[in-house]
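By the count of this note's numbering, the sequence shown reaches residue 259 at its end, each step adding exactly one.
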Amino acid sequence: MKQIVGGTLSETAPGLRTNFVSERPAAWYAELYKGDDLKGGHVIMLGPGNERPAREALAAYPEGLQIGGGINGDNARQWLDAGASHVIVTSWVFYNGEVDWERLRTLVCRVGRDRLVLDLSCRKRGDDYVVVTDRWQKFTDVQLSAVTLEKLANWCDEFLVHAVDVEGLCKGVDSELVRKLADWATIPTTYAGGASSLQDLEEVTHIGKGRIHLTIGSALDIFGGTGVRYEDVVAYNRRIVADKSSAPLA
Numbered sequence: 010m011k012q013i014v015g016g017t018l019s020e021t022a023p024g025l026r027t028n029f030v031s032e033r034p035a036a037w038y039a040e041l042y043k044g045d046d047l048k049g050g051h052v053i054m055l056g057p058g059n060e061r062p063a064r065e066a067l068a069a070y071p072e073g074l075q076i077g078g079g080i081n082g083d084n085a086r087q088w089l090d091a092g093a094s095h096v097i098v099t100s101w102v103f104y105n106g107e108v109d110w111e112r113l114r115t116l117v118c119r120v121g122r123d124r125l126v127l128d129l130s131c132r133k134r135g136d137d138y139v140v141v142t143d144r145w146q147k148f149t150d151v152q153l154s155a156v157t158l159e160k161l162a163n164w165c166d167e168f169l170v171h172a173v174d175v176e177g178l179c180k181g182v183d184s185e186l187v188r189k190l191a192d193w194a195t196i197p198t199t200y201a202g203g204a205s206s207l208q209d210l211e212e213v214t215h216i217g218k219g220r221i222h223l224t225i226g227s228a229l230d231i232f233g234g235t236g237v238r239y240e241d242v243v244a245y246n247r248r249i250v251a252d253k254s255s256a257p258l259a
């Protein structure tokens with residue numbers, strides 16, 4: 010299990026920067042999340058040789074984790090059968106720089122809209138946030154916008170959006186992107202990138218209007234970080250869930 014600096018990931022990975030390499034197997038983390046009833050964690054296979062530990066993690070927490078990395082129309086179903094709650098897909102759908110609607114239709118037919126997460130990981134180009142593929146190195150022609158997200162929302166259950174330029178740097182979240190996602194997204198959306206403290210989690214909850222979830226990686230103590238204690242994140246999450254369940258019905 011590794012924590013990487015997203016913008017350094019490439020085909021040959023000669024310049025890959027790694028924040029943390031765990032001595033614990035992926036299944037250990039899966040069991041930890043299961044014990045704390047945390048659903049929706051991401052298992053991302055960063056290249057070949059990762060299928061066995063990925064399967065072990067899914068087996069340790071069936072229906073509790075999402076899987077991504079090399080997912081396509083041919084293998085997506087087998088990962089659901091292995092225990093994933095959802096498959097996460099980017100490059101196979103955003104093919105040749107644009108949305109391949111036929112591929113997306115095939116994928117939905119094979120796994121179901123409710124089991125699909127579209128990864129809209131992006132980098133900023135000018136004033137726009139543009140979806141990137143192939144280890145986050147290739148810009149597509151797809152800009153994030155209200156129109157784009159509304160159209161894609163008809164084909165998936167969730168969005169996952171890595172802010173690639175700040176991913177793994179632990180220097181704070183991209184607040185501008187979080188605000189835009191809160192305004193644009195009409196389905197569950199998870200933002201990832203730059204989180205360095207519990208205050209970042211509070212900020213995303215606030216500026217995301219309660220609509221945007223946050224993934225914390227490199228800053229967590231269980232991933233070698235010093236900015237956020239895992240137990241504090243679990244406690245915060247439980248408070249949010251309790252507050253929502255106790256809120257009066259409109």
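Cβ atoms here follow ideal geometry from the backbone N, Cα and C, with glycine treated the same way.
**Report entry** Minimum C-alpha distance to residue 84 - residue among 110, 115, 65 and 104
**Finding:** 115
Query raised in the report: Do you know offhand how far residue 229's Cα is from residue 33's?
Result: 15 Å
Query - Contact check, residue 106 vs residue 150, beta carbons under 8 Å - result: The answer is yes: Cβ separation under 8 Å.
Query raised in the report: Within 10 angstroms of its Cβ, does residue 143 collect 16 or more other Cβ (buried), or is it exposed?
Result: exposed
Query - residue 47 in three-state terms, based on DSSP - result: coil
Query raised in the report: Short check: CB of residue 191 to CB of residue 231, under 8 Å?
Result: no
Report task. Tell whether a beta-carbon distance below 8 Å holds between residue 129 and residue 113. Result -> no
Query raised in the report: By the 10 Å Cβ neighbour count, where 16 or more other Cβ atoms means buried, how is residue 68 classified, buried or exposed?
Result: Exposed: under 16 other Cβ atoms inside 10 Å.
Query - N-terminal and C-terminal residue of the beta strand (DSSP E) that residue 165 is part of - result: Careful: residue 165 lies outside any beta strand (DSSP E) and carries neither H nor E.
Query raised in the report: When you compare each of 174, 204, 108 and 173 to residue 157 by their alpha carbons, which one comes out closest?
Result: 108
Query - Where residue 244 falls: helix, strand or coil (DSSP) - result: helix
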